[in-house]
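**Q**
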Amino acid sequence: MLFDSYIGPIYNLTNDREPMSLHDVKKTREFSNFRAKLAFLTFGLEVIDGGNDHSDCAMTIAMTVFPQLLVGMSEDEIRSLIRSSIRWNLAESLQNPSYTSTGELKVEGKYSKGLRVFNGQESTMRALRAAKVEVYVISASPQLFAAEASNLIGLGNMVPNTNVYVVRFATNDAGLFTRKR
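Going left to right, the sequence shown walks through residues 1 to 181 as UniProt numbering numbers them.
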């Protein structure tokens, strides 16, 4: 339904349904189910191992599901998505919404919404660098995510690339993301 009524018509991929606006799509039961099941898949399964979101199981799921959503996108498309997501989340209030799907297999999907950046991070990094202490960035986030986030909040050139340890993914000859690390 989401594809046939919203995504497909926008990109001329289908003529099966009458096009709908995203605002109208969000009011449908199908979208509510999609949102609940996607949130459960991406966040709920991570913590299924006794609520430990740092367990091997959680990390494997996070490194499998999230990247799969980006397969076939170019680096520019991924950067644009990251920037728009960060900007949207900075404008949102801090919340932890929950959605429950309908039907025989009900699942509850939860995620966090809203983002805040604290200037203590920047001032600490500047103070350490001024004291000739090497600063490192170590993150389980993909390189593109970390780079775009740091550029957007003004920390982009504070740490040399040799001091950045993040997940690096491969692209194919056409420059499209492949999900391989």
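Even glycine gets a Cβ: it sits at the ideal position worked out from N, Cα and C.
Quantities reported herein were computed from a predicted structural model and do not represent experimental measurements.
(1) For the alpha helix (DSSP H) holding residue 138, just list the boundary residues, first then last.
(2) Buried or exposed for residue 94, going by 16 or more other Cβ atoms inside 10 Å?
(3) Please report how far the alpha carbon of residue 70 lies from the alpha carbon of residue 131, in whole angstroms.
(4) Once the 5 residues before and after residue 143 are set aside, which same chain residues still bring their CB inside 6 Å of it?
(5) Roughly how many angstroms lie between the CA atoms of residue 156 and residue 126, to the nearest whole one?
(6) Buried or exposed, going by whether 16 or more other CB atoms sit within 10 Å of the CB of residue 145?
(7) Helix, strand or coil: how does DSSP classify residue 25 here?
(8) Could you give the first and the last residue of the continuous alpha helix (DSSP H) run that contains residue 134?
(9) Which one of 104, 161, 101 and 96 has the shortest CA to CA distance from residue 115?
(10) Taking the CB atoms as reference points, tell me whether residue 35 and residue 99 lie closer together than 8 Å.
(11) For a test of your reading of the model: does the CB of residue 34 fall under 7 Å from any non-hydrogen atom of the ligand MN? Yes or no.
(12) What's the C-alpha gap between residue 72 and residue 175?
(13) Compare the Cα-Cα distances from residue 107 to each of 21, 26 and 32 and report the closest residue.
(14) Give the range of the beta strand (DSSP E) segment to which residue 108 is assigned.
**A** With the given structure in hand:
(1) Looking at the DSSP string, residue 138 is not in any alpha helix (DSSP H); the run it does join, the beta strand (DSSP E), is 137 to 142.
(2) exposed
(3) 40 Å
(4) Here the set comprises 166 and 168.
(5) 12 Å
(6) buried
(7) helix
(8) Taken as a continuous stretch (DSSP letters only), residue 134 belongs to no alpha helix (DSSP H), as it is neither H nor E.
(9) Comparing Cα positions, the closest option is 96.
(10) yes
(11) Judged by which ligands are present, the structure shown has none, so any question about the ligand MN falls away.
(12) 9 Å
(13) 32
(14) 108 to 110
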